[in-house]
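The structure appears right after this line, and notes come after that.
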Ligand code: SF4
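Residue numbers (our numbering): 487 to 809.
Pasting the structure below:
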């Protein structure tokens, strides 16, 4: 019997590290003991598994007989199938939800995104029965709506009546009447998450939200990931558009794949302002007081400019509200 330690390099307090939970399941089946890594006992472990998801986050590396894994250490390493498809060891997971992927990959090739490079095209990955052990489930799929298997699993989830969070966001471009109806039949664990990474996606967000609201999807709260690559001027229209629709933008400044932090002070400051909902909903950007480290540049968008830009949206043909 071996003594196995798990090291979550990010020490994420919101989500468990899925790969570590699967490795724990694998070793428990073999009869090994599995515990969280404690530096004091580093020499006593037979194996220490250290997993890191993000390239840009700083972390302490463990010592001992360490096996490193995850995109944060190496883009290409993955778990072998015999471990990948085990149910995670939820006894080491302090949350009341199951965790996993129904699909992997994405058919799109957004140049800022690592998913198609690492995982390739969209493909079926697992049935929900493989890892569902709670009444709530957090799904980490990158583009579940691009997969027929993903859509049939959504239908299955609504029949099971479990609460769902598509944690990585749904692709608004793929939400038509049929999909909106299926999504509205789900119970949601959190706000419905969408992504609006470019200005070109605003019209798709508008259509998707109209359809979801038409089909009475609940909750009425929507959380929208927004990639920020440029200046405040360049992203402000998108943010104003989302706020105008009563959606909650969440700014994600671009970070390069190799982990080099290329975020500007302005981007950090803007993300801090938008992502703090209470501040965002009560203080204008022009009035926002950044922390001492931040250097907020002057910004002013004339209301007339805003109105003119948004008039373009109303030129889009109206979406028929019947199938
Ligand atoms: S749609 Fe999303 S997951 Fe797919 S490549 Fe673009 S950003 Fe990545």
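Built from N, CA and C at the ideal position, the CB exists for glycine as well.
- Residue 521: member of the beta strand (DSSP E) spanning 519-522, first to last residue.
- Minimum Cα-Cα distance from residue 592 among the listed residues 678, 507, 546, 605 corresponds to 605.
- Residue 655 is a Cβ neighbour of residue 679, given a cutoff of 7 angstroms.
- In this structure residue 717 is not in contact with residue 773, their Cβ atoms being roughly 19 angstroms apart against a cut-off of 8 angstroms.
- Looking at the DSSP output, residue 714 shares a beta bridge with 739.
- In the structure shown, residue 581 adopts coil according to DSSP, grouped into three states.
- Per the C-alpha coordinates, the member of 733, 672, 721 positioned closest to residue 756 is 721.
- For residue 624, the uninterrupted beta strand (DSSP E) segment begins and ends at 622-625.
- DSSP assignment within the stretch 489-520 yields the following whole alpha helix (DSSP H) runs of 4 residues or more, N-terminal first: 504-515.
- Taking C-alpha positions only, residue 619 is separated from residue 688 by approximately 37 angstroms.
- DSSP places residue 633 outside any alpha helix (DSSP H), giving it a letter other than H or E.
- Secondary structure note for residue 651: its beta strand (DSSP E) is the uninterrupted segment 649-652.
- Here residue 532 is not near residue 550, since their CB atoms are 7 angstroms or more apart.
- Spanning the alpha carbons of residue 637 and residue 547 requires a straight line of approximately 39 angstroms.
- For residue 550, the three-state secondary structure derived from DSSP is coil.
- Fewer than three beta-carbon pairs drawn from the stretch 552-565 and the stretch 577-590 are found closer than 8 angstroms, and the two stretches are therefore not classed as touching.
- Residue 653 has its Cβ no nearer than 6 angstroms to any heavy atom of the ligand SF4.
- DSSP places residue 757 in the uninterrupted alpha helix (DSSP H) bounded by 751-761.
- In this structure, the beta-carbon distance from residue 642 to residue 622 does not fall below 7 angstroms.
- Taking a contact to require three or more Cβ pairs closer than 8 angstroms, the stretch 699-710 and the stretch 732-741 qualify as touching.
- Going by DSSP, residue 569 is part of the alpha helix (DSSP H) stretching over 567-570.
- Under DSSP, residue 673 takes part in a beta bridge, and its partners are 649.
- Taking 7 angstroms as the cut-off, the beta carbon of residue 724 is found closer than this to the beta carbon of residue 685.
- Looking at the DSSP output, residue 734 bridges to 709.
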